[in-house]
Amino acid sequence: MNNIAILASGSGTNTENIIRYFSNHPLIRVTLVATDNPNAYVIERAKTSAVPVVVFSMKELRNGVLLNILKLNNIDLIVLAGFIKLVPEQVVNAFPGRIVNIHPALLPAYGGKGMYGNNVHEAVLANGERESGITIHYVNNRYDEGDIIFQAKCEVNPSDTPDTLAQKVHVLEYQHYPRVIESLLTSLI
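To convert, note that position 145 of the sequence shown is 162 in this note's numbering; the numbers rise steadily by one, no gaps.
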């Protein structure tokens, strides 16, 4: 069995979608959801799906406590789903090529520290872009600079708002993120 840990900080819609996708998978399961936000709604979504949850502090992220939890749970792939903190070097080094993130734009554009959620969509619209989308990439020691695994595009209309663009991007996330995760893990089996 291949075990996934999802790191999330917010409402958890991508987490819920990933858990649902793998709920009856014969070879892959979501073993753990970890969050740095004790008030994140992702906790409720994980509990509803009977997936164990760990709430950690940033100190525990940096000092290796979370890394030990990941190792104890025999995690094969770490999936970031709305986790906006930089993953410490020791975690990246412990899981080389086994940490992935999804970004709500077509990297390398609109990436980097502070570029998440509506900040990204506002920047895309302010620059008059005609398309946006998602980028699934490996995580390294810098924000949004890991090797790109997959991209999908959506049209940006002049009438779009950050909210309508976010809706288009979410559709792409829900459609593609679980499948890319499955493909990555299947190639490791």
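Backbone N, C-alpha and C define an ideal beta-carbon position, used for all residues, glycine too.
Please read these numbers as outputs of a predicted model, since none were measured by experiment.
Terminal residues of the alpha helix (DSSP H) in which residue i lies
i, result
"serine 204", "179-205"
"tyrosine 38", "30-39"
Residue i versus residue j: straight-line alpha-carbon distance, rounded
i, j, result
"serine 66", "asparagine 41", "12 Å"
"valine 186", "lysine 88", "32 Å"
"isoleucine 101", "alanine 122", "14 Å"
"asparagine 91", "isoleucine 21", "9 Å"
"phenylalanine 167", "lysine 130", "21 Å"
"tyrosine 38", "tyrosine 191", "10 Å"
Contact under 8 Å by Cβ, residue i with residue j
i, j, result
"valine 70", "alanine 63", "yes"
"valine 117", "tyrosine 58", "no"
"aspartate 53", "leucine 78", "yes"
"alanine 111", "tyrosine 127", "no"
"leucine 44", "asparagine 19", "yes"
"leucine 182", "serine 149", "yes"
"glycine 99", "alanine 25", "yes"
"proline 179", "leucine 124", "no"
"valine 109", "asparagine 31", "no"
Where the beta strand (DSSP E) through residue i begins and ends
i, result
"arginine 147", "Unbroken run through arginine 147: none, as it is neither H nor E."
"asparagine 54", "Where asparagine 54 is concerned, there is no enclosing beta strand (DSSP E), given that its DSSP letter is neither H nor E."
"asparagine 20", "19-25"
Checklist entry - Considering only residues of the segment 111-144, which uninterrupted alpha helix (DSSP H) runs meet the minimum length of 4 residues and lie entirely inside it, listed in chain order? => result 135-143
Next on the checklist: Just to confirm the assignment: which complete beta strand (DSSP E) runs, minimum length 3, are found wholly within the segment 61-102?
Outcome noted: 70-72, 94-97
Next on the checklist: Whether or not the segment 179-199 and the segment 146-161 are in contact is what I'm after, with contact meaning three or more pairs of Cβ atoms, one per stretch, closer than 8 Å; do they touch?
Outcome noted: yes
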